[in-house]
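Enquirer: There's a structure below that I have some questions on.
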Amino acid sequence: MPVVAGTDGSAHAERAVAWAADEAALRGLPLRIVHTLARWGKDMPVRPPRDAEEALPTVGQRLLDEAARQARERHPDLAVTTELLRESMPFALRDEAGGAFEIVLGHRGLGGFRSLLLGSTALRVAGRTEGPVVIVRGRVLPAYGEITLGVDPFEEQTASLEYAFEAAAVRGARLRAVHAFQLAAPDDPAVTPDDVAAVAREELAKVLAPLTERFPQVEVVQQVVQDHPVNALVDLSENTDLLVLGAHGHTALGGLLLGAISHGVLHHAHCPIAIVRPRS
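Listed below in structure tokens is the structure:
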């Protein structure tokens, strides 16, 4: 299964392709780079000249060729393929996910407003794609030798646990497993932060135990903090190489979406974030 990276030629996409190339080389997997043809909606008041539309495939292939060149420059022995797709990027990457080890894209592209912290494509792909989706923010090269995993020991998140341990093992990195909590009733003297933290530490250890047995080579640091999960994880993202989160949310109609914590972290993290949803 390849690592699949989406590109639109933006600087953010170039960083995503670089991260994906490093990841593929590290895991001994091929890299597949895709680009989608932009389309003008039928409801737009002014359509571009026909020759501009006809040039889109040529321009798109140039973007792919350049992305492939940069990937091979980083890793000369890496198997790299490219494809120009006709769907919009969110739909294309969701289709690609079924045959991919993971999907990788930049946190913003060429479109949208400069003030946005996270592009609509990244948000839609991360929120509605099965399997791991990596949104590349901040630095590309590893600098800390540590991966951070956000854990809710009271929720099912086997997929994100396995991904995080595998990522740490293949990198030879330390894994920091973090649970952050807030008191539901902070003024209730019957429930103290120490009581909640003690229960959380016990449950966290139980959740991690099967994975620590499977990956004895991975050094694991267990951490329970009293803080809003988004604040805690964003702060930790300043000193980690990859932040791994599970995704659990569902819409009323059964569609997949991001939970509030993943959504908040995606907007503000300082490092690449892997959103891991179980495959059906």
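Numbering (full-length UniProt numbering), first residue to last: 1 to 280.
All C-beta atoms, glycine included, are put in the ideal place defined by N, C-alpha and C.
1) Thinking Leu175 and Glu202 are a contact (beta carbons under 8 Å), I'd like their distance in whole angstroms, please.
2) Could you give the DSSP three-state label for Thr82: helix, strand or coil?
3) So, at 6 Å on beta carbons, what are the nonlocal neighbours of Pro142 in its own chain, with the 5 sequence-adjacent residues on each side left out?
4) Classify Gln217 as buried or exposed, calling it buried when 16 or more other Cβ atoms lie within 10 Å of its own Cβ.
5) What are the boundary residues of the beta strand (DSSP E) that Glu146 is part of?
6) Which one or two residues does DSSP pair with Ile261 in a beta bridge?
7) Please classify Met1: is it buried, with 16 or more other beta-carbons within 10 angstroms of its beta-carbon, or exposed?
8) From what residue to what residue does the alpha helix (DSSP H) around Glu96 run?
9) Are the region 86-95 and the region 67-75 in contact at 8 Å, needing three or more beta carbon pairs?
10) Counting C-beta neighbours from all protein chains within 10 Å, is the total for Ser160 16 or more, i.e. buried, or is it exposed?
11) Considering only DSSP beta bridges, list what His35 is partnered with.
12) Below 7 Å CB to CB, which residues in the same chain sit around Asp152 once its five sequence neighbours on both sides are set aside?
13) Just list the residues that DSSP pairs His179 with in beta bridges.
14) Under 8 Å, do Leu208 and Val196 count as touching if we go by C-beta distance?
Expert: Once the coordinates are examined:
1) At roughly 19 Å, the Cβ-Cβ gap does not stay under 8 Å, so Leu175 and Glu202 are not in contact.
2) Of the three classes helix, strand and coil, the one that applies to Thr82 here is strand, per DSSP.
3) Only Asp241 meet the Cβ criterion.
4) With fewer than 16 other Cβ atoms within 10 Å, it is exposed.
5) Going by DSSP, Glu146 is part of the beta strand (DSSP E) stretching over Glu146 to Gly150.
6) According to DSSP, which records beta bridges pairwise, Ile261 is partnered with nothing at all.
7) Under this definition Met1 is an exposed residue.
8) Judged by DSSP secondary structure, Glu96 falls within the alpha helix (DSSP H) whose first and last residues are Met89 to Ala97.
9) No contact exists between the region 86-95 and the region 67-75.
10) Around the Cβ of Ser160, a 10 Å sphere holds 16 or more other Cβ atoms; the residue is buried.
11) Beta-bridge pairing links His35 to Leu84.
12) Closer than 7 Å at the Cβ level, and outside the excluded window around Asp152, lie His179.
13) According to DSSP, His179 bridges with Val224.
14) In this structure, Leu208 sits away from Val196, with a CB-CB distance that is not shorter than 8 Å.
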